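Each residue of the sequence shown is one higher than the one before, counting from 12 in the working numbering.
From the three backbone atoms N, C-alpha and C, an ideal C-beta is built for every residue, glycine too.
Note that the structure is a prediction, hence the values are computed from the model and not measured.
Below: one structure, written as structure tokens.
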Amino acid sequence: MERKSRQVRERIVQAAEELFRANGYDGVSVTDIAARADVGRTTFFRYFGDKAEVVFAKEQAMFDALRVLAEGAATETATTLLQAIEQLRPIILKICEQASSDADGYALHLGLLEQHIELRARDALKTQQAGAELADVLVARGATKATAVLAAHVALACYQTARGLTNDPRTLPAEVARAFDSVATLHEPLR
């Protein structure tokens, strides 16, 4: 049953993306998405609370991947802020690689965010959720709450910085890595 459920969800997401590309976000209704996915409206709402939630469907998969990555990576307790940030680097980079692996989907997602303030607001909430989850990862590894929260927000700032510098999904992971590298040198004197 789980496989069938996953397939239905994927059909809904695929239908929504096709319709958003063809008609724009405002030109698409839940009814349109359900019809294109060959499901009823009730089925649509079983998977998504509203049309906007479909825009962020792939991010939920990234949150799930974040949990798996965090649980699978056994590391020492981060006793400094820099150590905590460095522990988050591979997690953020892996999420960026996943997010940018579908170049067309990534471009569509960014375009929808740029055009719709309500989607940017939801993106900000999702980013806060990601920050809380990243902080929880560090706390579970023994970091102090203060270190974990600050490190999580710095790690997210590395991602946001890269996203602000490039719309090209092929260069996103490299830009994120560069941002982390810059953070790692903050303690060094300026030359």
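Coarse secondary structure for residue 34, derived from DSSP in three states:
For residue 34, the three-state secondary structure derived from DSSP is helix.
For the alpha helix (DSSP H) containing residue 179, name the first residue and the last one.
Premise fails: residue 179 is in no alpha helix (DSSP H) and is neither H nor E.
Pairs of beta-carbons, one from the stretch 187-197 and one from the stretch 118-132, closer than 8 Å: are there three or more?
Not touching, per the Cβ criterion.
For residue 184, which residues from the same chain have a beta carbon less than 7 Å from its beta carbon, with the 5 sequence-adjacent residues on both sides left out?
104, 107, 108 and 111, listed in sequence order.
Apart from the five residues just before and just after residue 26, which ones in its own chain have a Cβ nearer than 6 Å to its Cβ?
Spatial neighbours of residue 26 in its own chain (CB-CB distance under 6 Å, excluding positions within 5 residues in sequence) are listed in chain order as 44, 47 and 48.
Proximity below 8 Å, CB of residue 136 to CB of residue 166
No, the pair does not count as a contact, with Cβ atoms beyond the cut-off.
Cα separation between residue 21 and residue 68?
Between the alpha carbons of residue 21 and residue 68 lies a gap of roughly 9 Å.
Grouping DSSP H, G and I as helix and E and B as strand, with all else coil, what is residue 14?
DSSP places residue 14 in helix when its eight states are reduced to three.
Contact check, residue 41 vs residue 30, beta carbons under 8 Å
Taking 8 Å as the Cβ cut-off, residue 41 and residue 30 do not qualify as a contacting pair.
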